[in-house]
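To start, the structure under review is shown below, and the notes come after it.
Numbering (the working numbering), first residue to last: -8 to 108.
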C-alpha cells in the first residue's frame, strides 16, 4: 500500500477523524491544540517500543495530558513480518508476475482491429 492507500484505510475506521500526513515525530502541545487531538494511540506490536521509555519520548506531552493510550495489537504485523512473508513467497510472486507478463505480451501481439460492420 502506498501512503494515500494507508491513509484512506485508517480514515475508514469509525474512530478516526483525521490522518495527519507528514506529522512530526514528537507530538507537541501546539499540535494537539491546532488539530484538536483528543487521543494519541500506540499499538503494543511495533518494531521497537523502547522510545516510550526514553527521556526524549515523543509522546511525553500526550502522556502528561492524560490523552495517551496503548492498545493491544491483535496481530503481529510489522514491517519485518511483511518483509519475511514477501521473501518467503518470492518465487511464487515471480512465477505469477511472469505469467501475467506473458499473457499481456500475447494480448498485444495478437490483438487485431475489430470492424464495426
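Every residue gets a Cβ at the ideal spot worked out from N, C-alpha and C, and that includes glycine.
The alpha-carbon of residue 6 is positioned some 25 angstroms away from that of residue 73. Per DSSP, residue 5 lies in no alpha helix (DSSP H) and is assigned neither H nor E.
Boundaries of the alpha helix (DSSP H) harbouring residue 52: 51 to 56, taken from the DSSP string. Taking every protein chain shown into account, the CB of residue 18 has 16 or more other CB atoms within 10 angstroms, so this residue is buried. For the pair of segments examined, the stretch 93 to 100 was found not to touch the stretch 52 to 68: the number of CB pairs separated by less than 8 angstroms stays below three. C-alpha of residue 105 to C-alpha of residue 77: approximately 41 angstroms in a straight line.
Annotation note: the stretch 54 to 87 contains the following uninterrupted beta strand (DSSP E) runs of length 3 or greater, listed N- to C-terminal: 59 to 62.
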